[in-house]
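Structure, as structure tokens:
2 protein chains.
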Amino acid sequence: MTTTGGRVRVGERLPTLEDVARLAGVSRATVSRVINGIRNVDPQLHELVWDAVGRTGYVPNRLARSLVTRRTGTIALVVSDSESHDDDPFMGRFFADPYFGRVVGGLMSVLRTAGIQLALQIVGTEDQRTRLVGDLRHGQADGVVVLSLPGHDPLPRMLTDAGVPAVMIGRPADPVPINYVDLANDAGAALAADHLVARGCQLVGMIAGPADVPASSDRITGFRRSMARHGHGWVPQVSGNFTQESGEAAMRTLLADHPHLDGVFVANDLMALGALLALRDEGRTVPADVAVVGFDDSSAATAADPALTTVRHPLEDMAAEAARLLMTRIDDPDMRVSSVIYEPTLIKRRSA
Amino acid sequence: MTTTGGRVRVGERLPTLEDVARLAGVSRATVSRVINGIRNVDPQLHELVWDAVGRTGYVPNRLARSLVTRRTGTIALVVSDSESHDDDPFMGRFFADPYFGRVVGGLMSVLRTAGIQLALQIVGTEDQRTRLVGDLRHGQADGVVVLSLPGHDPLPRMLTDAGVPAVMIGRPADPVPINYVDLANDAGAALAADHLVARGCQLVGMIAGPADVPASSDRITGFRRSMARHGHGWVPQVSGNFTQESGEAAMRTLLADHPHLDGVFVANDLMALGALLALRDEGRTVPADVAVVGFDDSSAATAADPALTTVRHPLEDMAAEAARLLMTRIDDPDMRVSSVIYEPTLIKRRSA
DNA sequence: GCACAGCCGGAGAGCGCTCTCCGGCAAGAG
DNA sequence: CTCTTGCCGGAGAGCGCTCTCCGGCTGTGC
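Residue numbers (the UniProt record's numbering), protein chains in the order written: chain F, 1 to 352; chain Y, 1 to 352.
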């Protein structure tokens, strides 16, 4: 250990607690206490220690600390991709979708102030899933936020079995005792149905998302049930995969099969954007000829022309709530399994 | 340690190397060798160990391993936000922008197969920056990808000074010996200029991004220089902040000041979308009255109506390259500082 | 003056892993 | 038969931190 101009160097190594302790003339334990603000340490020593910290430029090694405290200050965001393969473009689609950014933004708004970092994990294979759960049990992350994805994913169950603090965004496909935050998707779809019917639409179709995504199937059932209640027992339906292109294709199919269609509910804004394009292409005016209602109220809704009437999905708020829920659960292992359901609202713009 | 039906339990604790070693009747070191596939271990012991691993359900503790190997299998994605404050909506905007998702998607496409996870970090204050660099020096992450953001950020310099493997996406604002991947933004803007002039536009304006973002200023200089070369010494210019709303406002200003405008280059697609809306609102037809060229070729370009003619910005590829570059640098500390510049291309669609 | 309580700070045992060092043994050379 | 070479596996020292335990000192009550 050499001293140069007040600044202390310890060779190649970064300064450790030991170095600080030696310089301050106290024990490692005392430095640790001071750093972590524990108990009453003699004010004089306190100052001595901080002085030594400053002179060495000491920064605690989080890894070492985590090893013993079993806390990492990290939350994992896992995107469980049980369906697609490595070369499947699915993931590309996923990240490009506003959904991902909105969720990350919502999570970070809460985690950031708490000084917690987010670790992104994509798990596809069985092997990766087991590994992830193993790592989590070891405390690789303090908790995990799971995004709801297609298929009957075994991950939620694995996580609860392992006792890992977890929160899902979007309800699990299978009944699993896991915390989650969701939107009342069926109620949202019902809102769309009410609006289209109130507008006087006679033949209303639906462009649905993949049936194996809970959010998607909830929108389907909610819409159909509400339409039926309004006397529209028959609702033509075509499915897409939540992308703009699929929405455009679905709209064309719908139009070809039902030329007299005068209203359509599209399960997300991106597909609605595609639908709008197809409608214009087919010479239909929106909303005069065909009224269109989207879902999500993403940036795509205001980008559309005419601006989309859509069901608001407060994803950022939901993600923020998920983060808070998770943090509570981490601090209180005995917290009961809970869920928070958000109520959707209809945002009226020009397309319907 | 109790045995129940072939399955071995070690109480509350998760099994450790020690447990496996005891069960297999070998030393900890040997188990470690087997797990990590090191040296020639006697095939019999090898099998014995794997058997014990299976029976205990042993999963290595990454934290403990990282502490000694100084490798974490994690790369940090830092969004250095030196300008905005906690309550500034800037971050919300940032995550919602397709930019973020495209970068993450590109990074993950490479990191995923390498089994590396991505840790998201947002640093704003001086304090957070120091802390981050400290953590990184301790090997909290093996390397870091930095996103280029407004202002003269001290972070790149801090990282290189600390010797942390780092790669920027987008060149640093100040000259810093740091690896980076960038697009020839000026060349891209020149492409747009060439196209608008070739179309016969007589009065061309520009909607620029914030001047303190390198990518943005490069687009401005590239565009103006190329226009000048074509004899258009005068190019009216209004700035936005890369959001759709700002693009819409900018377009209105431009139109008010220059009613005879017949062409406009917009520094990103999102603003171009806004510009399109403003144009339609003002009764101008695109491209007949006013030709519009965007930048990025994001999903917004095809969502627009008419579809945007735009400069392709292969962000996913660039991010993937950044990930590869970083991984190389991590494995070879002596790698010289290098940069990769991508050439833009013009994607002709309907708006110009 | 003595006993007991209370508080502060140090010693040291880990957390779970890797990796160097070294002993032991088998095989081949002289 | 001895010596050398080579390889395999174990012992044990850390990585940098936290935290329990305990000794020692001061203060209070009787």
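C-beta: ideal position from N, C-alpha, C; glycine also.
Contact set for residue i: own chain, Cβ-Cβ below 8 Å, skip 5 residues either direction
i              : result
Q117 (chain F) : G73, T74, I75, L111
I330 (chain Y) : D142, G143, P165
P156 (chain F) : V146, A166, M168, P172, D174, V176, I178
S339 (chain F) : R171, N179, Y180, V181, D182
S27 (chain Y)  : A21
A211 (chain Y) : S217, I220, S239
W50 (chain F)  : V34
Limits of the alpha helix (DSSP H) - the one that residue i falls within
i              : result
A76 (chain F)  : It is not in any alpha helix (DSSP H) - A76 (chain F) instead sits in the beta strand (DSSP E) that spans 74-80.
I207 (chain F) : Unbroken run through I207 (chain F) is the beta strand (DSSP E), 204-208; no alpha helix (DSSP H).
I220 (chain Y) : 214-229
G54 (chain Y)  : 43-56
N36 (chain Y)  : 28-36
V20 (chain F)  : 17-24
Where residue i meets chain F, residues with beta-carbon distance less than 7 Å
i              : result
L277 (chain Y) : D305
Of the residues the options, the one placed nearest residue i, counting alpha carbons only
i                     : options                        : result
S80 (chain Y)         : Y:L45, Y:P172, Y:L308, Y:L279  : Y:P172
P306 (chain F)        : F:L315, F:T285, F:F295, F:G37  : F:T285
L191 (chain F)        : F:V145, F:H230, F:R62, F:D127  : F:H230
L183 (chain Y)        : Y:V20, Y:P344, Y:L14, Y:D19    : Y:P344
P207 (chain F)        : F:P287, F:W50, F:E316, F:V264  : Looking at the sequence itself, residue 207 (chain F) is Ile, so the reference to Pro does not match. Here the closest residue by C-alpha is F:V264.
P287 (chain F)        : F:S298, F:S299, F:A272, F:A319 : F:A272
D334 (chain Y)        : Y:V340, Y:L325, Y:I341, Y:F95  : Y:L325
G247 (chain Y)        : Y:L279, Y:D218, Y:A64          : Y:L279
residue 355 (chain F) : F:S299, F:P314, F:L315, F:E316 : In the structure displayed, chain F extends from 1 to 352; residue 355 (chain F) sits before or after that span and is not available.
G124 (chain Y)        : Y:Q44, Y:D153, Y:V337          : Y:D153
D19 (chain F)         : F:N40, F:P60, F:T243, F:N36    : F:P60
A275 (chain Y)        : Y:Q244, Y:T302, Y:D297, Y:H258 : Y:Q244
V235 (chain F)        : F:L196, F:F242, F:N241, F:D212 : F:L196
N241 (chain F)        : F:A24, F:A303, F:V213          : F:V213
K348 (chain F)        : F:S109, F:R312, F:I341         : F:R312
Residue i: contacting residues in chain F (beta-carbon distance under 8 Å)
i              : result
T74 (chain Y)  : A119
L273 (chain Y) : A303
Residue i: contacting residues in chain Y (beta-carbon distance under 8 Å)
i              : result
M108 (chain F) : M91, F95, L120, I122
R280 (chain F) : D305
Amino acids of chain Y, ordered along the chain, whose beta-carbon sits closer than 9 Å to that of residue i
i              : result
G266 (chain F) : It is worth fixing the name first, because residue 266 (chain F) is Val in this sequence and not Gly. Simply none; closest approach about 14 Å.
R350 (chain F) : Chain Y residues near R350 (chain F): none, gap ~11 Å exceeds 9 Å.
Residue range of the unbroken beta strand (DSSP E) whose run includes residue i
i              : result
D296 (chain Y) : 291-296
F265 (chain Y) : 263-266
L346 (chain F) : 345-347
I169 (chain Y) : 166-169
M271 (chain Y) : First-last for M271 (chain Y): 269-281, but that is the alpha helix (DSSP H), not the beta strand (DSSP E).
Y342 (chain Y) : 339-342
D142 (chain F) : From DSSP, D142 (chain F) is part of no beta strand (DSSP E); its letter is neither H nor E.
L120 (chain F) : 117-123
T309 (chain F) : 309-312
V238 (chain F) : 237-239
Close beta carbons around residue i, own chain, < 7 Å, minus the five adjacent residues each side
i              : result
H260 (chain Y) : L203
G115 (chain F) : G73
A267 (chain F) : I207, A208, G209, S216, R219, F295
Q128 (chain F) : none
L17 (chain F)  : R28, V31, S32
Beta-carbon proximity list for residue i, same chain, < 6 Å, skipping 5 on both sides
i              : result
D332 (chain Y) : none
P15 (chain F)  : T56, Y58
L255 (chain F) : E282
A193 (chain F) : F223, S226, M227
V133 (chain F) : M158, A162
R70 (chain Y)  : G139
E316 (chain F) : R102, G105, G106
N36 (chain Y)  : none
Chain Y contact residues for residue i, given Cβ-Cβ distances below 7 Å
i             : result
T98 (chain F) : Note on residue identity: the sequence assigns Pro, not Thr, to residue 98 (chain F). The answer, in chain order, is A96.
Partners in chain F for residue i, counting only beta-carbon separations shorter than 9 Å
i              : result
V104 (chain Y) : F95, F100, G101, V104, L120
Residues from the UniProt domain "HTH lacI-type" (15-69) of chain F in contact with chain Y, defined by Cβ distance under 9 Å: G57, Y58, V59, P60, N61, R62, L63, A64, S66, L67
If contact means a Cβ-Cβ distance below 9 Å, which residues of the segment 127-152 of chain F contact chain Y? Q128, T130, R131, V133, G134, D135, R137, H138, G139, Q140
Output, in sequence order along the chain, the residues in the segment 289-304 of chain F whose CB is closer than 9 Å to any CB in chain Y. S298, S299, A300, T302, A303, A304
Please list, in chain order, the residues of the segment 235-260 of chain Y that have any C-beta partner in chain F closer than 7 Å. Q244
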